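Structure first, commentary second.
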Amino acid sequence: MSNNERLSESPVEDEARRSIASAVFLSNTSVLEEWAAESTELKCIAVRYFHARFVRALDATSSGSPRRRQWFAKSNSQKTRLDYSAYLRLFPGLQRVGHAQAQASWKMFQPADVRTCLRVISSMYANPHEFIFAWFSATSSFGLFKKKDVMSKKECKTLLDNIGPQADIPCDSMTLHEFTKLLSLGLLSPLLSIFDILPSRDEEKAMIQLSDTTDGFVVSTAWWNQWLSYVSSHEGTFNCVAARPSSIYNLDLLEHDQLKPHLQANQDYVVVTAASWATLLTLYGGGPAIPFHAKSGAADVVNVFLAERDGRPSPQHRLVNICQPIPANALLSSLALMFELDMAPTRLRLWHRKSPEEDWTLWNEPERLLEYALVEMQTSSYEWPRPQLKSPRDFRPLKIGDAVDAYDCERVWRCGIVQRVSTLETNRVCIHFTGFSSIYDEWIHQDSGKLQPRYSRTNPSKYWNTPTRLNPGFAGAVGLLNLGNTCFLNCALQCLSATSIWRSYFLQKLYTKDICRNNKFGTKGKIVHAFGGIMAQLWANRNTCMTIVSPNDFRKVFSKCKPQFDGFDQHDGHEYIASLLDAIHEDLNHPQTQTTPKLQSAQNDIQLGHEAWARHLLQNQSVVVDVFHGLLRSQTTCNQCAHRRVQFEPSLFLSLPIAQLSAQCVLRVWVHPLEAPPRLCEVVLKSSEGNAKMVLDSLAEQMQLHVDRLRLIHVQSHRFARLLPVDTLICDFEKAILCCFERKYTNQGTLSIVDIQVIHRINGNQLIGLPFVLSVDSEILCKEMHSYLDAQLQKFLDFPPSSYSVRGMQLSEVGSSKGVIIPSSDDALLTYYMPPQILVLDWTSDEFIRRHDDIQSILTPAPRTTITLDLCLSNFMKKEEITDDCWKCDSCQATNGGTRQMDIWRAPDVVMIHLKRFHYSMVQHNKMQELVQFPLEGLDLKPYIGAPMEDPNSCLYDLYAVVNHTGGLSEGHYTAYCRYDINPPKGLHPQVVAPSHLWLNFDDEIVSEIPPANVVTNAAYVLFYRRRVLSGNSILRTI
1 MSNNERLSES PVEDEARRSI ASAVFLSNTS VLEEWAAEST ELKCIAVRYF
51 HARFVRALDA TSSGSPRRRQ WFAKSNSQKT RLDYSAYLRL FPGLQRVGHA
101 QAQASWKMFQ PADVRTCLRV ISSMYANPHE FIFAWFSATS SFGLFKKKDV
151 MSKKECKTLL DNIGPQADIP CDSMTLHEFT KLLSLGLLSP LLSIFDILPS
201 RDEEKAMIQL SDTTDGFVVS TAWWNQWLSY VSSHEGTFNC VAARPSSIYN
251 LDLLEHDQLK PHLQANQDYV VVTAASWATL LTLYGGGPAI PFHAKSGAAD
301 VVNVFLAERD GRPSPQHRLV NICQPIPANA LLSSLALMFE LDMAPTRLRL
351 WHRKSPEEDW TLWNEPERLL EYALVEMQTS SYEWPRPQLK SPRDFRPLKI
401 GDAVDAYDCE RVWRCGIVQR VSTLETNRVC IHFTGFSSIY DEWIHQDSGK
451 LQPRYSRTNP SKYWNTPTRL NPGFAGAVGL LNLGNTCFLN CALQCLSATS
501 IWRSYFLQKL YTKDICRNNK FGTKGKIVHA FGGIMAQLWA NRNTCMTIVS
551 PNDFRKVFSK CKPQFDGFDQ HDGHEYIASL LDAIHEDLNH PQTQTTPKLQ
601 SAQNDIQLGH EAWARHLLQN QSVVVDVFHG LLRSQTTCNQ CAHRRVQFEP
651 SLFLSLPIAQ LSAQCVLRVW VHPLEAPPRL CEVVLKSSEG NAKMVLDSLA
701 EQMQLHVDRL RLIHVQSHRF ARLLPVDTLI CDFEKAILCC FERKYTNQGT
751 LSIVDIQVIH RINGNQLIGL PFVLSVDSEI LCKEMHSYLD AQLQKFLDFP
801 PSSYSVRGMQ LSEVGSSKGV IIPSSDDALL TYYMPPQILV LDWTSDEFIR
851 RHDDIQSILT PAPRTTITLD LCLSNFMKKE EITDDCWKCD SCQATNGGTR
901 QMDIWRAPDV VMIHLKRFHY SMVQHNKMQE LVQFPLEGLD LKPYIGAPME
951 DPNSCLYDLY AVVNHTGGLS EGHYTAYCRY DINPPKGLHP QVVAPSHLWL
1001 NFDDEIVSEI PPANVVTNAA YVLFYRRRVL SGNSILRTI
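Here it is, written out as structure tokens:
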């Protein structure tokens, strides 16, 4: 987060100032557009670098006074101007031109703030002759800078003295036109170089050093050679700005986030020192950073988890680059610094494993540390907790019957039991609170901080000896109170709070100068002030690990202005974010015209796109536009005359339909009829639109059974999870394991039918195979039940006699030895068994079940074709045929069809991607639960951007926030995953590189860490991507 304030516009003091300060910086949305031929990335780097220089010069002047007060006051206040001595520190090259000319340039710059300086420098790049002419020909009267139309003979002599005598240039008075004609840019470059923002070639070359024998960072040879050519050139600085290389691009060296094998040093890459890498990032940007060790080569990426007090992995996680081999003591000391552990390395030890499916093994120093590591801490009694665990299984993923501490809707930690696991692949579990009725059960996401190990929160002093925390204690990582179905509001606020450039603008109250009080579509600043207030509360210095912020005041203000969000009903998170940004935009919007100007004739798409964006800016100028608004291009081509029509449309979101890999829906069902052997059936439907009755009708037709006797059941963990009513939507169970049984039917009304669930088990606690239903008369005897059960099993299993025993028990007891053995006697079955108990078959061997091919086939998940974000973008941008009968070509008036294609023309600094999960049709409404794979870093939008791009890094975006929605249409919950940037601790071993960020899970009042591998889920609804190098207009919003 930037600590800078918004720069106030300095008033222009005279006509000369207006001439020099061209319109380049007069609009926030056209910053640096005319600055020579520099790329957007270089403009951003230059602004940041000059800003740092300005701060250093000002800090030396302030003499301990607060920089913010001196820097950002109005420029016409003599007490707050950057004084002459600080100005010389900002531009030290002025000392060689003499005191009089240095004073003249200082008064020309009027350097009250960094924006004024950048505005004048921008005009220098736009018109260098006019800049030098105004500098040397201007006079000062009563402290004011005045421009002249003619440079006097004396002033001309002073100019020539500074650039050196020239035989072909007369030392006489001259006008600007004559000045421009006589003096080339090469002659003026010594004077222009004084105001260079970035270091000179020689200075830059001296800063960068290769690392042949020590640790460092990898740089692509292709980029390195461009940089060497640039710094080795001795031409004039001003004339060779275009020769400066673009941002660093190392992605071609990586494969699966690791350095590609078989790369050759000095041929494919070079290694620079850590200090040189930091300098290159400051001067050029780009990346990514690839640590390198001289002995071991590229660093290994290790997922390091901090153990809970009981020894199991906690959500606290760091993605660490480690150059191996490394001494154990050095590694443990570095990890202790990362996790802020006040422990000696001797009280820590490491466990590791290759994948999450494997068990943890103790790491010894000679071994190579594997991909996953666990830092275990000794207890206060100097004991290791992991050997005392009853089970080596991690706390997550949770299973039915696991004991937990859960944070309930009353904001109280209570003991609970995992009652059910979600059947919709949403990673949610149903928690039953101990001692409470089942009506208080809650569905909670497995990765939520609201679920913790038993007694870690309900009785921490006795069992864990650690205080209860609601958040990790980081600045800004504070939960928001759920006021009642306001999780969508909390989620939107947390994601916007994670937008660094946006957050800085509000935390420094820069919006107060931009509020438009005469906009009839705005609220005269009410919403902006309320939003700024909630941001200030989230990032207040007084916040602790127990702080909860209430958004009630903000909700009241916003709901008054947007009545559709009044009350406590659940709302769509995407719609709320769009409405909130629109309201903030209207409060801050300063349109230059109320009417939409007509487009001028353009020769190509580049000109047309530039004019369309300029038209948009005439009516929309605010920080919302600078950060979030982009431009889409729509191309329509006629099939008959090939006439092409191009339209441009501003955009706030990219709303992408989730790609459908197959139009058909294929369900596999294990059917268990009464009179025939069970078998595996496939039900093929045209789409997933429909309900369970369609599946039952198809099964009845295939098996020649009565459809009214069939029951469809969802199986989970080798047991029945739920009976599916006939009106259950197919989309709710299309990826589930399904069983269907035929219910026994009788014409004798005195007899009732009992449907008994039968489960297979081995070793007394391990469930196997597929359950089925034994449909029997309620008056059946035990021996008759045994005979009937054996006959049913013989239909599909091959086993010798006495291979199993039958036990009746409650479903919750299947993991224990409880229950009653059912004898083969003349007693009634209901003597030993009472519904809703189940029958458990304890097999002597699992071989009888496992060798059945159909059972193993349905239990094995079908391979899925991965849906990626790139696939969704490609489908959204692909060319499609126009099927609208009302469409007509503008040129030939033909109606026989055409093609339409959409692409991105101007990508904003923050791209918000909305995945359209909620599907509405004439048949049904449902939510799509498909997993869309999206990258956490390096989303490349270049294939989808139609405008020409200057730099390969200009299209790369990194994820920093995700809006998640779990549940369905009728019920659901919003959470947010946000990236949190951290500073690496000091004192780390050179072979250990700390991560630059971590991920946090915001679940209303609870904030917890989450491993990056868990960020990509099928609950992702809105994705927030940030450009790696922000544009100049966004940077100037907060410096």
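For reference, each letter of the sequence shown is one residue, going 1 to 1039 in full-length UniProt numbering. Every residue gets a Cβ at the ideal spot worked out from N, C-alpha and C, and that includes glycine. This structure is a prediction, so every number in the text was calculated from the model and none was measured.
Distance CB(residue 991)-CB(residue 403) smaller than 9 Å: no
Start and end residues, beta strand (DSSP E) containing residue 707: From DSSP, residue 707 is part of no beta strand (DSSP E); its letter is neither H nor E.
Selected residue, minimal CA-CA separation from residue 731, among 632, 129, 293 and 686: 686
DSSP-derived helix/strand/coil call for residue 814: coil
Residues near residue 968 in its chain [Cβ-Cβ closer than 8 Å; skip 5 each side]: 424, 732, 926 and 927
Neighbourhood of residue 251 by C-beta distance below 6 Å, restricted to the same chain and skipping five residues each side: none
Unbroken alpha helix (DSSP H) run spanning residue 224, endpoints: Residues 221-232.
Rounded separation between residue 473 and residue 545 - CA only: 4 Å
According to DSSP, residues forming a beta bridge with residue 961: 978 and 1024
Whether residue 934 touches residue 844 by CB criterion (9 Å): no
DSSP bridge partner residues for residue 916 (one or two, in chain order): 657
Buried versus exposed call for residue 912 [16 or more other C-beta atoms within 10 Å across all chains shown]: buried
Inter-stretch contact (C-beta, 8 Å, three-pair minimum) for the segment 403-415 and the segment 443-455: With the cut-off at 8 Å, the segment 403-415 and the segment 443-455 touch.
Unbroken alpha helix (DSSP H) run spanning residue 792, endpoints: 782-794
Exposed unless 16 or more other CB atoms sit within 10 angstroms - verdict on residue 501: Under this definition residue 501 is a buried residue.
N- and C-terminal bounds of the beta strand (DSSP E) containing residue 926: 925-927
Where the alpha helix (DSSP H) through residue 277 begins and ends: 274-284
Proximity to residue 303 [Cα-Cα], best of 993, 1028, 1022 and 1002: 993
Counted within 10 angstroms of its Cβ, other Cβ atoms place residue 960 as buried (16 or more) or exposed: buried
Best match in 409, 495 and 847 for proximity to residue 976 [C-alpha to C-alpha]: 495
Residue ranges of each beta strand (DSSP E) within the segment 281-342, 3 or longer: 291-293, 300-307 and 313-322
Member of 774, 798, 124 and 285 whose CA lies at the smallest distance from the CA of residue 806: Shortest Cα-Cα distance from residue 806 to any of 774, 798, 124 and 285 involves 774.
Terminal residues of the alpha helix (DSSP H) in which residue 570 lies: Element bounds for residue 570: n/a, residue is neither H nor E.
Rounded distance between the beta-carbons of residue 683 and residue 669, thought under 8 Å: 6 Å
Exposed unless 16 or more other CB atoms sit within 10 angstroms - verdict on residue 52: exposed
Among 489, 710, 720 and 726, nearest to residue 745 - alpha-carbon criterion: 710
Under the three-state DSSP convention, the category residue 773 falls into: Secondary structure at residue 773: strand, using DSSP grouped into helix, strand and coil.
Residue 539 vs residue 906 beta-carbon contact at 9 Å: no
Supposed close pair residue 430, residue 413 - CB separation, criterion 8 Å: With a Cβ gap of about 18 Å, residue 430 and residue 413 do not count as contacting.
For residue 544, the residue or residues it bridges with in DSSP: The partner list for residue 544 (beta bridge, DSSP) is empty, contrary to what the question assumes.
Whole-angstrom C-beta distance between residue 290 and residue 218, which should lie under 8 Å: 4 Å
Contacts around residue 801, its chain only, beta-carbon distance under 6 Å, and the 5 residues preceding and following it disregarded: none
Alpha-carbon to alpha-carbon, residue 384 and residue 820: 41 Å
Residue ranges of each beta strand (DSSP E) within the segment 580-640, 3 or longer: 630-638
Whether residue 1016 touches residue 931 by CB criterion (9 Å): yes
Per DSSP, the bridge partner or partners of residue 361: 352
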